[in-house]
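Since the structure comes first, as structure tokens, the remarks are kept for the end.
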């Protein structure tokens, strides 16, 4: 268990930088860094460098300062013991009962507890050595005291404390002081090194005179002053950091404002270009399409002419050949003239936009002027003397929190010959001199630190407020001239250095940065108060906020972070707080005890102080505007012309906690009662347990059950932490997210009340995270005990699941091979969308396209089985399995296999024409053998186009009697519908399961290739009567002219064979539909999506058209809005009534799967 000393040292942050634990025998290097003796010795032994000869050095582990060996000739293994002991160990010995060990046994390398101490020898002895010491003749009469008596008083501890011995002879005490070498030494060192020195004094006899010269109290006083200077230096740097942060925020806001304005103009330009460009494009596109239509008609005429001529030449008589040739020659000239005219008038239209060179030059000059960020460093001239008694401190605002204000003095500053003064502004310079702005006499006067007049300068109009610009320059507002004037103060003289215009009556003034100021005033145009940020050099006003009407005289100040502005309105007795960048109003402070507020200031803790000129008091507010205290200033009520400013001094009479609550009148009148602790009898305030805090903590440990150590798992690749149970989150060091993860690792934390939690700084490379927790819990008799403790987390590396899949791309234990023996890939395009919608690929290591299918690789056999089960639930297929032996462990007889799952999808696809075997057709309700596949899902759906009879077939039924398709969708022929007759109900077959979504119709169709050649037409019956009209183009299977080698087809009776089997309707032009398509699909990887051939591109376009035409087909597909595609308005073009996907069915383009690296999750499967 840690001692009280260790706890106090830990509380003060006294830990070894190497082992991160409380110091053990601390040793101090010349660079002032302290380490454990053992840690320092280990560092020296491994990092010592030989500089040649007998010189050896090593570097400090913290600051890398080169440190020489402490004593020449000493072995490296003993160097650490020769460095001086730190004052930490001495203070610890003086404040704690630390055990003493036998000095005699220590010489032999033993550690035995001491029981007695010899006053003469000044050494501690154990029981054995003490007996020998008392039996020896020369030491028999020495005075021996016990260790308890030695440690009973601080004087005895100080007298015989370790650490004050000779650095060369550690067993010897310091006895002499050499004034020539300014060194202390023992008797041996004196006879060896200082025997010839003249001014050597013995400490026992001459110590009083030496102490008189040293003046210990003065040294302590100077050291405290040094500490105070360092603290002031830190505060100065912190103030500079706040200023830099505010400047950076302001610059960022300015660039953001410029960016928004530029983007707004570019958006307007983009809309203009899009609007005009689209109009031009539509007009020119219509012209080109008309020309293409005319050319296509001419091509058909020419083609018909030469086709007819070739036929006559081949089969006709000589007379027919002569007549046709004459007719063709007669047609050739008009055709040639039309083509020549088109080539002469051909034009190439391009859309372009020119940008003037002058405009480009202006843009480049603008961006070059703002792209450079300057770092300006100005040396702060803060006087600081470390030798003289008077150490001046920098001018830093001191917090008045917890202190009492009282009137110090009233200074008479009136100059003879002048009118009565009315001071409206005051600035204190770093050398404690004061500059006053006199409103009545129109002057700025300089007074020294004793308030003696030095010099003054006359201003053109009445001044109002003042602020400090730098160490020798101030700024003052001139209300009537609407300007701010700068005054330089050097060598006791005040000189004018420049002005800038505010464009309104300016009153309050404060510095925002070196060249920017916050100015408040009153504008006559709007009849309102205003405040703005004005640039000193350019005079540009970045933004203004107008609020609160009617009042005129206002003063302003900023908080330390330069994020809030406080406005003090004299006429309405109000104080406003605004955000400096977001212009948000945070609070308004008013009080009946505040009259004519004429001054406002903020200390380094952002506590607000408001001086009431009429109420003669000071109001102290918290940063959020709540009143902390009202201090009445006990001065006579001077006339308004004489009452200007008060100077206050601080007193420690009021305790600090008085300002943590609302103001209490006469707190001394409340009596305080005390009781005695029931355990130790200490006087305490009454509580429910009747025990003091120390006794209560000794009885109860509220941290019991909460682990003090835990483990965090961190993925180095994606830099994420594991949040229980299995979630990986991104978190920076000392962030809220990481703190949440740490707290969730503590199981017993739910049994107590968590008050505060924060990180304790540790070295980032130490892989340790420390969290300091403050908890409360109700203990004995309802008493609430609060306790603070530290939990240490060890960060262990563990790869997350996403990174593991990325790293293990080529390592697999199971593969699922999906195949389909067809001449297109539409099935796999649809299967890909089903996998993405149901996230069936999450555990996949890799996906590779293969011939006739895809291969899915997995690290586990169970993951492959899940994929197989998914495929069996969405498509009809059959499964075959195999396994390959990879390794065999003969010791435990374990086998390692690679498993292969072969999934074959039925070769029947949507829009395929099939010929069913007789037994299969009979089992399906005696359906006509020639039918069309209308849908493939878990079942295969067929429809008879002659009777609308429907049937379903499972995958198992198909594989028991497999058959092939007569015609695939790629082998269909185009026909034009000549006539459509809807079949009446009486002519329809009855008592069979038929489709209610289709209408039976009789068609007369002609092949598109026969148009213009012959007039042959075909009669057929179709199930697409609800879609077709005369003139539509359809796709069908030409049964009459087909030359098939199909056993089942040859068994069908001729009277049951139709001439044509109509499969689907063609909607409009494919290119036009593609341009109008404003949606897109996600894909597993680029290899699967790559369409290397025209055939694959047509398959993909046909798949997209199927999605548009069939609403039920796209229910299992996620369709996303394509924001990158510019929509084309083709409403005036004929698209054949092609169906489209509505915006309501489209999803936003989101990343549905992201991997650990933050990239597209599908990239890991490439």
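Residue numbers (UniProt numbering): 1 to 1166.
Backbone N, C-alpha and C define an ideal beta-carbon position, used for all residues, glycine too.
Every value quoted in this text rests on a predicted model; they were computed, and no experiment measured them.
### Task
Name, in chain order, the residues that DSSP records as bridge partners for residue 1004.
Note: residue 1004 sits in a beta bridge opposite 979 and 1019.
### Task
Go ahead and label residue 330 buried or exposed: buried means 16 or more other beta carbons lie within 10 angstroms of its beta carbon, across all protein chains shown.
The residue in question, residue 330, is exposed, as its Cβ has fewer than 16 Cβ neighbours within 10 Å.
#### Entry: Other residues of its chain near residue 19: CB distance less than 7 Å, five sequence neighbours each side excluded
Here the set comprises 36 and 39.
#### Entry: Residue interval of the alpha helix (DSSP H) (run including residue 216)
Per DSSP, residue 216 belongs to the alpha helix (DSSP H) from 216-315.
### Query
Between the C-alpha atoms of residue 21 and residue 766, what's the straight-line distance to the nearest angstrom?
Taking the straight line from one Cα to the other gives about 13 Å.
### Message
From the DSSP secondary-structure annotation, give me the bridge partner or partners of residue 609.
### Response
Within the DSSP secondary-structure output, residue 609 pairs in a beta bridge with 601 and 620.
### Query
For residue 1147, is the classification buried or exposed, using 16 other Cβ atoms within 10 angstroms of its Cβ as the cut-off for buried?
Residue 1147 counts as exposed, since fewer than 16 other beta carbons sit within 10 angstroms of its beta carbon.
### Within the stretch 931-985, ranges of the alpha helix (DSSP H) (whole runs, at least 4 residues)
Listed in chain order, they are 955-960.
### Task
Give the DSSP-derived three-state secondary structure of residue 331 in the structure shown.
Taken through DSSP and simplified to helix, strand or coil, residue 331 comes out as helix.
### Message
Relative to the C-alpha of residue 560, which candidate in 587, 597 and 510 has its C-alpha closest?
### Response
Selected option, being the one with the closest Cα: 510.
### Per-residue burial, residue 1037 [other beta carbons within 10 Å of its own, 16 or more giving buried]
Note on residue 1037: 16 or more other CB atoms within 10 angstroms of its CB, so buried under the neighbour-count rule.
### Residue burial classification, residue 1011 (beta-carbon count within 10 angstroms, cutoff 16)
That one is exposed.
### Task
Look up residue 20 in the DSSP assignment and say whether it is helix, strand or coil.
In the structure shown, residue 20 adopts coil according to DSSP, grouped into three states.
### Task
Using 10 angstroms around the beta-carbon of residue 1062, count the other beta-carbons present and answer buried if the total reaches 16, otherwise exposed.
Looking at its Cβ environment, which holds 16 or more other Cβ atoms inside 10 Å, residue 1062 is buried.
#### Entry: Residues bridged to residue 473 (per DSSP)
470 and 488.
### Task
Quick one: grab the DSSP three-state call for residue 204.
In the structure shown, residue 204 sits in a helix (DSSP, three-state: H, G or I).
### Task
For residue 111, collect the residues of the same chain with a Cβ closer than 6 Å to its Cβ; drop the 5 residues on either side in sequence, then sort them by chain order.
Within the same chain, Cβ atoms closer than 6 Å to the Cβ of residue 111 are found at 101, the five residues on either side in sequence being excluded.
#### Entry: At least 3 beta-carbon pairs within less than 8 Å: the stretch 1015-1032 vs the stretch 943-956
By the Cβ test, the stretch 1015-1032 is in contact with the stretch 943-956, since at least three Cβ pairs between them sit closer than 8 Å.
### Task
Run the CB neighbour count on residue 23, radius 10 Å, all protein chains shown included, and call it buried at 16 or more, exposed below.
Result: buried.
### Task
Enumerate, from N- to C-terminal direction, the unbroken alpha helix (DSSP H) stretches of 4 or more residues contained entirely within the stretch 822-871.
Taking only runs of at least 4 residues, the alpha helix (DSSP H) segments lying wholly in the stretch 822-871 are 826-838.
### Query
Under the rule that 16 or more other beta-carbon atoms within 10 Å means buried, what is residue 192, buried or exposed?
Classification for residue 192: exposed.
### Task
Whole angstroms is fine: what's the gap from residue 555's alpha carbon to residue 623's?
Taking the straight line from one Cα to the other gives about 18 Å.
### Short Cβ contact (8 Å threshold) for residue 735 with residue 719
Contact: no.
### Query
Mapping DSSP to helix, strand and coil, what is residue 998?
In this structure, DSSP gives residue 998 a state outside helix and strand, which the three-state scheme calls coil.
### Message
Going by DSSP, what residue range makes up the alpha helix (DSSP H) through residue 918?
### Response
Counted as a single uninterrupted DSSP element, the alpha helix (DSSP H) harbouring residue 918 occupies residues 918-923.
### Message
Within the continuous beta strand (DSSP E) that includes residue 107, where are the two ends?
### Response
Element bounds for residue 107: not the beta strand (DSSP E) but the alpha helix (DSSP H), 103-107.
### Task
For residue 47, name the three-state secondary structure that DSSP assigns.
Residue 47: helix per DSSP, three-state reduction.
### Message
Once DSSP output is grouped into helix, strand and coil, what is the label at residue 910?
### Response
In the displayed model, residue 910 falls within coil according to three-state DSSP, outside both helix and strand.
### Task
Just confirm the distance between the C-beta atoms of residue 1168 and residue 42, as a whole number of angstroms; I'd bet it's less than 8 Å.
Within the shown structure, residues of the chain are numbered from 1 to 1166, placing residue 1168 beyond reach of any answer.
### Of the listed residues 906, 995, 283 and 753, nearest to residue 947 (C-alpha basis)
Here the closest residue by C-alpha is 995.
### Query
Beta-carbon of residue 924 versus every beta-carbon of chain B: anything under 8 Å?
Absent here is chain B; the protein component of the structure consists of one chain.
#### Entry: Element boundaries [beta strand (DSSP E), containing residue 880]
Residue range 877-889 is occupied by the beta strand (DSSP E) that includes residue 880.
### Query
Looking only at its own chain, which residues have a Cβ that is under 6 Å from the Cβ of residue 723, when we skip the five neighbours before and after it?
Only 729 and 741 meet the Cβ criterion.
### Message
With three or more C-beta pairs closer than 8 Å as the rule, is the stretch 325-343 touching the stretch 297-306?
### Response
The stretch 297-306 vs the stretch 325-343: in contact.
### Task
Note down the Cα distance separating residue 461 from residue 478, rounded to an integer number of angstroms.
Going from the Cα of residue 461 to the Cα of residue 478 covers about 6 Å.
### Query
Buried or exposed: which applies to residue 211, given that a residue is buried once 16 or more other Cβ atoms fall within 10 Å of its Cβ?
Under the 10 Å beta carbon count, residue 211 is surrounded by fewer than 16 other beta carbons and is classified as exposed.
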